[in-house]
Structures are given as C-alpha cells and as structure tokens.
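S.K.: Have a look at this one before I ask anything.
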Amino acid sequence: MRSSAPLLSVRDLSVTHADAAHPSPADVSFDIHPGEVVLLLGPSGSGKSTLTLALNGLIPHAVPATMSGVVVAGGLDTADTPTASLSTRVAMVFQDPDAQIVTGTGYDEVAFGPENLLLPLDEVHRRTEDALRRVCLWERRDENPDRLSGGGRQRLAIACALAMGSPLIVLDEPTANLDPQGIDDVYAALTDVIAAGDRAILLVEHNLDAAMGFVTRTIVLDARGRVAFDGPADEIIRSHADELVAMGVWLPAATLAALRMRDAGAQFAELPLTPAQLAAALASERPDSASPTPTGRLQDPGTDAGPTPMDRPDIRASTLQTARPTGAAPTPIIRARGLTVRRHRTEILHGLDLDIAPGTLTAIVGANGAGKTTLLQALAGVVPPPRRQVSVDGMDPGSASPGELASRIGFVFQNPEHQFIAHTVFDELAHGLRLRRTSDAEVTARVDAMLERFGLEAKAHVHPFLLSGGEKRRLSVGTALITRPRVLALDEPTFGQDRARASELLALLHDLRDEGTTILIVTHDLALVAAHASHTVILADGRVHAAGRTADLFRDERPFVDAGLRLPALQRVLAAAGQALA
Amino acid sequence: MSAQTIDPYAAVAEPSPRRFLHALNPLAKVAGVAPAMVVLIFVRDLATPAAFLLLSLILIVVGARLTARSAALLFLALPVGMVAIALGFSLWVDPALVAHTPVVARIGDWTLFQGALAIGAATALRLGSIIALALIGGLTTTGPDLVRASVQQLRVPYRIGYTALAAFRFVPRFGHELSVIRAAHRVRGHHGGSGPFARMARGWGYIVPLLAGAIRHAERVALAMDSRAFGAHASRTERHLVPFRLRDAVFIGCCLAASAAILVIFFPWQLP
Chain A
1 MRSSAPLLSV RDLSVTHADA AHPSPADVSF DIHPGEVVLL LGPSGSGKST LTLALNGLIP
61 HAVPATMSGV VVAGGLDTAD TPTASLSTRV AMVFQDPDAQ IVTGTGYDEV AFGPENLLLP
121 LDEVHRRTED ALRRVCLWER RDENPDRLSG GGRQRLAIAC ALAMGSPLIV LDEPTANLDP
181 QGIDDVYAAL TDVIAAGDRA ILLVEHNLDA AMGFVTRTIV LDARGRVAFD GPADEIIRSH
241 ADELVAMGVW LPAATLAALR MRDAGAQFAE LPLTPAQLAA ALASERPDSA SPTPTGRLQD
301 PGTDAGPTPM DRPDIRASTL QTARPTGAAP TPIIRARGLT VRRHRTEILH GLDLDIAPGT
361 LTAIVGANGA GKTTLLQALA GVVPPPRRQV SVDGMDPGSA SPGELASRIG FVFQNPEHQF
421 IAHTVFDELA HGLRLRRTSD AEVTARVDAM LERFGLEAKA HVHPFLLSGG EKRRLSVGTA
481 LITRPRVLAL DEPTFGQDRA RASELLALLH DLRDEGTTIL IVTHDLALVA AHASHTVILA
541 DGRVHAAGRT ADLFRDERPF VDAGLRLPAL QRVLAAAGQA LA
Chain B
1001 MSAQTIDPYA AVAEPSPRRF LHALNPLAKV AGVAPAMVVL IFVRDLATPA AFLLLSLILI
1061 VVGARLTARS AALLFLALPV GMVAIALGFS LWVDPALVAH TPVVARIGDW TLFQGALAIG
1121 AATALRLGSI IALALIGGLT TTGPDLVRAS VQQLRVPYRI GYTALAAFRF VPRFGHELSV
1181 IRAAHRVRGH HGGSGPFARM ARGWGYIVPL LAGAIRHAER VALAMDSRAF GAHASRTERH
1241 LVPFRLRDAV FIGCCLAASA AILVIFFPWQ LP
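As they're listed, the protein sequences go chains A and B.
So that you can map any letter, position 393 of the first sequence is 393 in the numbering used here, and since no number is skipped, the others follow by simple counting.
So that you can map any letter, position 154 of the second sequence is 1154 in the numbering used here, and since no number is skipped, the others follow by simple counting.
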C-alpha cells in the first residue's frame, strides 16, 4: 500500500438523519490517498450525499443527524473540529451553483474563503488569481457571477474550493443542475485540475461519461448504505456491471448501451466505459461480423438503468418506441399557425407553425433562449397566446378560462411546489374538479382513484409541502390529470432531479401515453429525448428548426448542431459508427 | 433574473478628486445627514425642508458621478412623487382646520383652501428632503462598502455583516420565483375574484411556496459558507480597507454646521 498518510480516513461511519429510521450510509470504511480520483456510486437513498456532508464536519456540526464511527480528515477528527477549520483539509463543491455564491464578483467570491482563513493579503491575492486562472475565469473576475452561465458559476465554485488550499476536494453532483454545455464546461475545468495532480477528488455524479476518463477508483454503496465494492473503477464496472445495474446504480451511458447490445447478441471483448471505447469496439467488430450489430433496441428499456426495472418494483420498464402504424396522418391535437409571442416588447416566437399528432410523446428542445418554455406556456395558456393562433384539442388557449384550459391540457411546472395551492393533498387534487362545479360524490370518487393510482392514499390529508420530492412530483402530475385532459405539458420535469426520481416520472409518462394521453415536454436533456420521446421538435431563434420522429432526427447530427445543440457523446459516437440511434 | 435587476454589488464609480462623495467613508455620509433627517421629521414649515432639499441636490450634483438612471431618479421621479404627495395631502386635510385661509379653487360645494395646499406642500417637501439627504450616501456608496465600514469602524460582527450581504443575492432569485408561482396559480384557476381582499388572499397563497423555497435555499447557502471557513476566526482578512480619514470628519462637521445654520436661520419651531 502507500506509505503516505491518508488525506481522509473513514472508519465504521454510520449516519442517521433526524427523520430517518435506518442509517445510510452504514458502517462505511475507506481511506483516500493523495492523487486518487474516487467516484462514489450507489442507488438513490444509499446516502451518497449524506456521506459527503460527514467528510468536512457539516455532519454532525451543522446538519441534524446522528453519527457514529470516526472520520479523520488531514489528521483532524471531524467530530470535535469545527467545519471552518476542516475546510483547509476538505473543500466542497455542491450541486446548486446559485446556492454557493455569496459575493458580487468572481474575484471576491474566490477570495472569500482565504479571507475567512485570515491569510495575509499577498497570499489571498496569490491563491485567488491562481484558482481563477485554473478554471479560466481570470478574465471575467470583475463580473457579477450572475452574468456567468450555469457551467461558469459551477467552475467558479470549483475555483473557490481550490482556493481553500485543501488537498482533497469533494464534489456532490456538480453537474446535476447544468445544461449539456455547462456539463462540458465543468468537466473541462475538472480535467485540468486533475491533470495538475495536486488534488485528490471524491466525486458523486451520475453524468458518468465525462468522469470515466479520469476516475481512478470507485466506491459503490448498496441500497442499505454499505460498501458493496471498492477498487479500480474500470475493473469494478466491467466485472460487476450486471450486479450494479440490478442494484440500481447508474452506469456510463456507453456501458448501458453496450449492455443492451450484448443482450441483443453483440459481442464485446471488453465492456466499453466511454463513448470512445464503444466506438472503437463497434468499429473493430463491424468487419468480421456478418450480421450488423443489432439496432432498434437501444431505446427500448426506456426507464432507468438497463433491461431490468430496478428502482422500485412498481415501476415497469416502459414500452418500446415501436413504429406505430403509419397510415394517413391523424388530425393533429395541437395546432399552431403563425404563433407570434412577445414578451417585454421582444418578439420571442416568430410566426411559428406546429402540428402535434395525438398519442405522441413530443420533446421540444433548443438552445438557451430559443423559446422552448415560451412555446410550451403559450400552447398551454399559462401565458395566453394571441387569439386564433393556437388550437389545443379544439380549444383556443388564447381566450379559454382556466376551467376550460384545465379540461383540455394539464401543465406541470418545473418545481411542483410552485403550483400547490391547497392545504391537503386531497383538496389539491379536488381543486380542478371543484372549479368546474363537479358534484361532491364524483369529486371524492375521482380524487380517491387518482390517490390510489399515484400511491398517495396514505397522504390524502397531509399538506402537499410535507410530501417527499417524488411524491410532490407525482401529485403535481395528478393535479394536472384530474380533469382528464387529453394533453399533458411538462416544463423541464427532470431538471435538478436525481436519476431515480427522473426515471420514475418517465415511466409514469410512458404509462399515460399508452393510455392515449398526448405528452409534450420541454427539456435540455437530449439523452432523455433520444431514449423516450417519440417525436422531437427542435427550436432555434423562435422558429421550428426541425421536427419529426425522434428515430429519424437522431440519425443525423446536423439539425442539432445548426440549432446550437450538441448531441450527447454517446449519440455522436453511435452516429459516427453508422448506428441507428433510437 | 433579467439584466435589469439592480446589482447591489456593482461598483458605483471610480473615485475622482471632484466627485468627492464617492471617496468618503460610508459611515461619514450617514452620520453627516442623519441628524438633519431626524429633525426634518418634526418641522412643519416650507422653507427648512426646501433648503435641505436644495442643498442635498447641489451636493449630489457636485460631488457624485450621476448615471442616467440616478439623474432620472433625482430630477424626474423625485419631483413627480413630491407633486403627487402635495396634491394628495391637500385633498386629505380636514377643511375645517384651514377654513380661515384664502380659497384657491372651488368645485361645486367642495373648496380647496390655500392652507391645505401649504400643508400638502410642506409634507411633500419634508419627505422629498429626507429622501434627497438619504441619496447623498445612497447614490455614492456600495452595499459591500457600507458593510465593510460597519465591520471596520462600528465593530459590527462580520458574521452579521457579510451574511446580510449574502442575503442581497436572494432578492432577484425570489422575484423570479414569485413570478413563476403567480403564473402557476393563475393557470390552475386560483383567481378567487377581484378586489383587494381576494388579492390579499392570493398573496397568502404565494407565501408558503416562496418561504419553503427560501428556507431550503438559505440552508444550502449556509452549508456552502461553513464549508468555506466562514466564521473560522474572530476577524477576517480585509482586502478593501474603508478608512475613516480627516476628510470624513470634516465632511461630518460641515454637514452638521450647515444643518444647524439652516435651522437657526429658518427657525421652524413655531406652528404655522
């Protein structure tokens, strides 16, 4: 083993949150040595984030939780050293970039930590400049962090962690709140930091594709929060891929794709972990294999990780996006003609034409500022569009009352809390019906049915804000569906959510679609679109840039690139290998 | 979060010798005008507030670098607001109190007396002069400088000062969140009628989601600050010293002397 003392030593650590029955993580032990880049994996609920909070003393000092076992960071026992002193041993980068910024310029922000440490002025300046240069923000040091993109703000947070001078940096889902461009930005910065070799890293992340390139070791927690595997990342993932998938651990997209291809009969000498490895494997296999690598199943197990549904027993793998019978085009359920929307005197949508066929799951994608959310809000009447430009299921959202709107199209906001208006879950669901003067008996019957469908029976008299995150999301969908609209619109429904919750929602959407509901979602997650949407609309500068079946659109990267989007690495590689993508 | 929201951190202007207000200690600007502001609350005449108003405007024009926005505030918004207040108050004054003064206008059996106008004008001038005095510091000081001066000279604990500063960042975020909540409630048909009471009821409906979001956000910010050694020591390195110099004492002295002179000259203590 190594002769140097570990940067971090965790022994028999168990943490029980104030409102939890069982500890997670439970009895976890590991060391981190200089130069290591550790990826912490585990299914949702295994306590990954909790574990990170215990590493710099936020647990037990700031977060209400019971902790047993010992964490020693840089020779200091976290149980009796305040977080402020531990910050020179372990630096943190959190998920939400906005919640980490406390000052008004990039320079002040990075200097904030060294100033708190009471370092001499010269040292503060030296560290701040060094950290800002390493994440390529030195030129923008005098700007308000609000003016940076999401990826830029998260790079700033990494600079702040670097400036603390600690030999270990812990990053908890640093890209979960970012768009694809931001994810690339953050990984470029992180790759540079790691290349310098002066910092060890512990990373909790589910965007594994970029991370696999530099991770040296992985620690996997199981559902109960115990260490299941600990060792070199590629070895563990390659030799235990099926177990990891069964545990509900999120694997690199390239690995998942390869697993599905393998199930369909493809052979891989070595399971690929990165899109590049997958491309190489496909290229080497191609010439000698008589039958082409099976296509068509790439999209099929649309839910979370692989062919087996594993997050929750009640979530079933979604159906294939098989080609539905393509006879004469059905009458569109949503039709926009010359839709022009202005906001604050700026024209955002310029005479847009759009048809959406009933029974589809259509994704609206586009670069920032392309007008995605504006379009969705106009179609759903959240911001009423000009009259006679839009028709949704025979209704004009430009002139409809909220009651009429609710019976034709349900709208689910990004943050479910925003749309809750009643004091109990029951009243929340009943609201839409009472607004339409439905009889009490029918209200009760329909609300009870909805409660049962979404697994909320036990919570009928709970305040909506006291539900768990997943329950809130289900309730928000339930409130949109209670009036039985034929169209459901969702604005960035998976943004900032963990994978388990996102796949739970997607499984639900597939079920609804199978029942005939037309679903319209705005998202920036093109991997999600490729896997789940039947149709895709690409917006650029307030106009429809391209629209069609997802399977057809994703064969070619060009319409996405022209619209300022980047296909996820996996899709790019598959396109290059001549694979059908969806 | 549009670019139009006011940035509480933005540097106001580069200090230049002529624009001396920017170079003064923020506390001096507060201490210099505070006594006059307190006294103005109690005066009832026209001349005293008018003199203070004029003096502050001159001081700002001479000593501060004006942007288009602050010029509009001073010479458009302030006068318009004062005229509105003057008219509003003169309608509101009990006519019996001023029935002995000359009549200015008569509409039907409603009469506007000169005394009512005078009271309205005095009120408007008073409010206007207090605002103008506050703007002497307000237009020439940044939030961080005020916090730094409070920490450095008034010995306000830095934990309080810098936390307050961090809270500034919440404002645009909550503004954005509120607009989303309102759209969400509107689309769900939570109108509940029009009128002030229905509006208030709707307002309550916005508070719960807004607070829930705010508390969660504040907790995260607190964890992030703890992780960056906030509160590690009794003091922290100050990169920007905000010194209290002789010129600050001189400024306070001049302000107090000018205030005293105006009060002595106009002697506003007798009732009108």
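Glycine residues also receive a C-beta, built at the ideal position from the N, C-alpha and C atoms.
Fair warning: this is a prediction, and the values are worked out from it, not measured in the lab.
Specify the secondary structure class of B:I1252 as computed by DSSP and reduced to three states.
M.R.: Three-state result, B:I1252: helix.
S.K.: Quick one: which chain B residues come within Cβ less than 7 angstroms of A:A99?
M.R.: Those within 7 angstroms of A:A99 in chain B are H1217, R1220, V1221, A1224.
S.K.: By the three-class DSSP mapping on this structure, what secondary structure does A:M67 have?
M.R.: Looking at A:M67 - three-state DSSP - the assignment turns out to be strand.
S.K.: Report back the beta-carbon spacing between B:V1242 and B:R1148 to the nearest angstrom; my notes put them in contact at under 8 angstroms.
M.R.: With a Cβ gap of about 5 angstroms, B:V1242 and B:R1148 count as contacting.
S.K.: CB-CB under 6 angstroms to A:S68, same chain, minus the five flanking residues each way: which ones, in chain order?
M.R.: For A:S68, where only same-chain residues beyond five positions count, the Cβ hits under 6 angstroms are S14.
S.K.: Do the stretch 127-136 of chain A and the stretch 76-96 of chain A meet, that is, are 3 or more Cβ pairs less than 8 angstroms apart?
M.R.: No, they do not touch.
S.K.: Any C-beta of chain B within less than 9 angstroms: which residues of the stretch 108-127 of chain A qualify?
M.R.: Of all residues in the stretch 108-127 of chain A, D108, A111, F112, G113, P114, E115, N116, L117, L118, L119, P120, L121, E123, V124, H125 have a Cβ within less than 9 angstroms of some Cβ in chain B.
S.K.: Three Cβ pairs or more, each shorter than 8 angstroms: is that satisfied between the stretch 1121-1130 of chain B and the stretch 1039-1058 of chain B?
M.R.: Touching, yes, given that three or more Cβ pairs across the two stretches are closer than 8 angstroms.
S.K.: Please check if any C-beta of chain A sits within less than 8 angstroms of the C-beta of B:A1249.
M.R.: No - not a single Cβ of chain A is within 8 angstroms of the one on B:A1249.
S.K.: Check whether chain B comes within 8 angstroms of A:E417, counting only Cβ atoms and requiring the distance to be less than that.
M.R.: Taking Cβ atoms only, chain B reaches closer than 8 angstroms to A:E417, which makes this a yes.
S.K.: Report yes if the CB atom of A:F268 is closer than 8 angstroms to the CB atom of A:R260, and no otherwise.
M.R.: No, the pair does not count as a contact, with Cβ atoms beyond the cut-off.
S.K.: Unbroken beta strand (DSSP E) runs of length 3 or more, entirely within the stretch 1073-1128 of chain B: which are they?
M.R.: Counting only runs of 3 or more, we get 1103-1107, 1110-1113.
S.K.: Taking the continuous beta strand (DSSP E) assigned at A:G366, which residues delimit it?
M.R.: Here the beta strand (DSSP E) through A:G366 covers 361-366.
S.K.: Could you give the first and the last residue of the continuous beta strand (DSSP E) run that contains A:A406?
M.R.: It is not in any beta strand (DSSP E) - A:A406 instead sits in the alpha helix (DSSP H) that spans 402-408.
S.K.: In whole angstroms, give me the CA-to-CA distance for B:T1111 and B:D1094.
M.R.: Answer to the nearest angstrom: the Cα atoms are 11 angstroms apart.
S.K.: Under the three-state reduction of DSSP, which class applies to A:L39: helix, strand or coil?
M.R.: In this structure, A:L39 counts as strand in the three-state DSSP scheme.
S.K.: What first and last residue would you give for the alpha helix (DSSP H) that runs through A:L61?
M.R.: Note that residue 61 of chain A is His in the sequence shown here, rather than Leu. That run of the alpha helix (DSSP H) goes 58-61.
S.K.: For B:R1126, would you say it is in contact with chain A, using Cβ-to-Cβ distances shorter than 8 angstroms as the test?
M.R.: No, its Cβ sits nowhere closer than 8 angstroms to a Cβ of chain A.
S.K.: What residue range does the alpha helix (DSSP H) around A:G106 cover?
M.R.: Its alpha helix (DSSP H) spans residues 106-116.
S.K.: Excluding the 5 residues flanking B:V1098 on each side, which residues of the same chain have their C-beta closer than 6 angstroms to its C-beta?
M.R.: Contacts found: F1113, G1115, A1116.
S.K.: Do the stretch 59-75 of chain A and the stretch 11-30 of chain A touch if we need at least three Cβ pairs shorter than 8 angstroms?
M.R.: Judged by Cβ distances under 8 angstroms, the stretch 59-75 of chain A makes contact with the stretch 11-30 of chain A, as three or more pairs qualify.
S.K.: Under 8 angstroms between C-beta atoms, does B:T1237 make it to chain A?
M.R.: Closer than 8 angstroms to some Cβ of chain A, the Cβ of B:T1237 qualifies, so yes.
S.K.: Taking 8 angstroms as the CB-CB cut-off, is B:S1150 touching chain A?
M.R.: Chain A, which has no Cβ nearer than 8 angstroms to the Cβ of B:S1150, makes this no.
S.K.: Look at the Cβ atom of A:T373, then the Cβ atom of A:V341, and state whether they are nearer than 8 angstroms.
M.R.: Cβ atoms of A:T373 and A:V341: not closer than 8 angstroms.
S.K.: To be precise: take each residue of the stretch 1177-1188 of chain B, compare its Cβ to all Cβ atoms of chain A, and keep it if any distance is under 8 angstroms. Which residues remain?
M.R.: Under the 8 angstroms Cβ criterion, the stretch 1177-1188 of chain B contributes E1177, V1180, I1181, A1183, A1184, H1185, R1186, V1187, R1188.
S.K.: Among A:R11, A:D353, A:V382, which residue has its Cα nearest to the Cα of A:S401?
M.R.: Comparing Cα positions, the closest option is A:V382.
S.K.: Rounded to the nearest angstrom, how far is the Cβ of A:P397 from that of A:P416, given a contact under 8 angstroms?
M.R.: The Cβ separation is near 22 angstroms, so there is no contact.
S.K.: Can you grab the Cα-Cα spacing for the pair B:L973 / A:K472, in whole Å?
M.R.: A query on residue 973 of chain B cannot be resolved here, the shown segment of chain B reaching from 1001 to 1272 and no further.
S.K.: Please check if any C-beta of chain B sits within less than 8 angstroms of the C-beta of A:T83.
M.R.: Chain B, which has a Cβ nearer than 8 angstroms to the Cβ of A:T83, makes this yes.
S.K.: With a Cβ-Cβ cutoff of 8 angstroms, do B:A1232 and A:A84 count as a contact?
M.R.: For B:A1232 and A:A84, yes; Cβs fall inside 8 angstroms.
S.K.: Going straight from the alpha carbon of A:A264 to that of A:A576, what length do you get?
M.R.: So the two alpha carbons sit approximately 20 angstroms from each other.
S.K.: Any contact between the stretch 510-520 of chain A and the stretch 347-355 of chain A? By contact I mean 3 or more CB pairs, one from each, below 8 angstroms.
M.R.: Flag = no, the stretch 510-520 of chain A and the stretch 347-355 of chain A do not touch.
S.K.: Name, please, each residue of chain B whose Cβ falls closer than 8 angstroms to the Cβ of A:C160.
M.R.: Within chain B, the residues near A:C160 are R1228.
S.K.: At least one CB of chain A closer than 8 angstroms to the CB of B:H1022: is that the case?
M.R.: No, no contact with chain A.
S.K.: So with CB distances below 9 angstroms, who are the chain B contacts of A:S239?
M.R.: Correct list: empty, because the minimum Cβ distance to chain B is about 36 angstroms.
S.K.: To which residues of the same chain is A:L51 closer than 6 angstroms at the C-beta, ignoring the five residues directly before and after it?
M.R.: Closer than 6 angstroms at the Cβ level, and outside the excluded window around A:L51, lie P25.
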